[in-house]
Amino acid sequence: MRIDVVSIFPEYLSPLELSLIGKARQTGLLDLHVHDLRSWATDRHRTVDDAPLGGGAGMVMRPEPWAAALAAVREAGRGSLEEPEAVPHLLVPSPAGVPFTQAMAHDLAGEAWLAFACGRYEGIDERVLEAAAEQGPVTPVSLGDYVLNGGEVAVLAVVEAVARLLPGVLGNPESVVEESHAPATGGLLEAPVYTRPATWEGRSAPEVLLSGHHAKVAAWRREQSLRRTADRRPDLLEQLDPAQVTRADRAVLADLGWESGDSGVRRPG
Ligand code: ADE
0 MRIDVVSIFP EYLSPLELSL IGKARQTGLL DLHVHDLRSW ATDRHRTVDD APLGGGAGMV
60 MRPEPWAAAL AAVREAGRGS LEEPEAVPHL LVPSPAGVPF TQAMAHDLAG EAWLAFACGR
120 YEGIDERVLE AAAEQGPVTP VSLGDYVLNG GEVAVLAVVE AVARLLPGVL GNPESVVEES
180 HAPATGGLLE APVYTRPATW EGRSAPEVLL SGHHAKVAAW RREQSLRRTA DRRPDLLEQL
240 DPAQVTRADR AVLADLGWES GDSGVRRPG
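According to numbering that gives the first Met the number 0, the sequence shown is numbered sequentially starting from 0.
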């Protein structure tokens, strides 16, 4: 996969040189390029922002350097992918974007080329995104309902979530199957985990995990997932596919005061 990131703070992306993502870059699984937006600013001060039309607080990123940067990225990528028609899927981190999810990470992991436009200040002039949408797919993405100072932190999160799903990036591909939000868990949160020692400072790990009884361990984990999801993310539990709710699940849900039936599960009250 090729990934291009355009930012006024290229150093902000340096964590992508570390750990499994850094290794994936070294082994060629991930071809990641970080670009400084200011290279495409044309004035003496390399200005990339200006006051918002219509007034208001903050500054807006000017369209000209962005258009030049995205054109250069498209050109460079086409050369490296050796496909004259290739276009990147442009992702634009923004608190006004669509929520980034594990399902989206899976979809993006299936693409050959992603590009990220990191906005700062109040954001990027909207016409840049309109023009880019005439060249290829554009998706504004939000990490969550809070405001960051710019898109760089969101890019670190999205790139890590996507790259770890690429075949060969994780040592053990099984680890992405059963984790929180993974399709195989039905979108439930993962159960708590423990390691040795079995008793630490007077606290014992759950007995069942020492039993060596795989079916009992699986049943315990499923119950913990349901309880944890009911407590922390009742919205996820409500989205559970009724076909995936077993009789044992119904007993746990009933204990929590949840109703379950053919049409799905409903929270108490
Ligand atoms: N930029 C600023 N806030 C953001 C958020 N919540 N998600 C993604 N990008 C952002």
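Note that CB positions come from ideal geometry on N, CA and C, so glycine has one too.
- Closest in C-alpha terms to residue 54, from the list 121, 226, 169, 229, comes 121.
- Here DSSP, grouped into helix, strand and coil, assigns residue 112 to strand.
- Linking residue 210 to residue 246 through their CA atoms gives a straight-line distance of about 23 Å.
- With the rule of 3 Cβ pairs closer than 8 Å, the stretch 94-112 counts as touching the stretch 0-16.
- Beta-bridge partners of residue 150 (DSSP): none assigned.
- Excluding five sequence positions before and after residue 47, the CB atoms of its chain that fall closer than 7 Å to its own CB belong to 7, 36, 37, 40, 60, 61, 64, given in chain order.
- Residue burial annotation: residue 224 is buried, with at least 16 other C-beta atoms found within 10 angstroms of its C-beta.
- Going by DSSP, residue 251 is part of the alpha helix (DSSP H) stretching over 246-254.
- Take the alpha-carbon of residue 242 and the one of residue 104: they are about 24 Å apart.
- Residue state for residue 177 is assigned as coil, using DSSP reduced to three classes.
- Between the alpha carbons of residue 97 and residue 140 lies a gap of roughly 5 Å.
- Restricted to the stretch 49-101, the beta strand (DSSP E) segments that are unbroken, complete and at least 3 residues in length are 88-98, listed in chain order.
- In this structure, DSSP gives residue 7 a state outside helix and strand, which the three-state scheme calls coil.
- For residue 12 against residue 151, the beta-carbon gap comes to about 6 Å, under 8 Å, which counts as contact.
- Going by DSSP, residue 128 is part of the alpha helix (DSSP H) stretching over 125-132.
- With respect to residue 28, residue 168 sits close: the two C-beta atoms are nearer than 8 Å.
- One thing to note: residue 118 has its Cβ no nearer than 8 Å to the Cβ of residue 76.
- In this structure, residue 166 sits away from residue 88, with a CB-CB distance that is not shorter than 8 Å.
- Contact between the stretch 170-178 and the stretch 124-132 is absent, with fewer than three C-beta pairs closer than 8 Å.
- In the three-state DSSP reduction, residue 32 falls in the strand class (E or B).
- The secondary-structure analysis by DSSP pairs residue 258 across a beta bridge with 265.
- Counting the other CB atoms within 10 Å of its CB gives residue 93 a total of 16 or more, which places it among the buried residues.
- Rounded to the nearest whole angstrom, the CA to CA distance from residue 108 to residue 191 is 27 Å.
- Residue 44 counts as exposed, since fewer than 16 other beta carbons sit within 10 angstroms of its beta carbon.
- In the displayed model, residue 203 falls within a strand according to three-state DSSP.
- Looking at the DSSP output, residue 139 sits in a beta bridge with 91.
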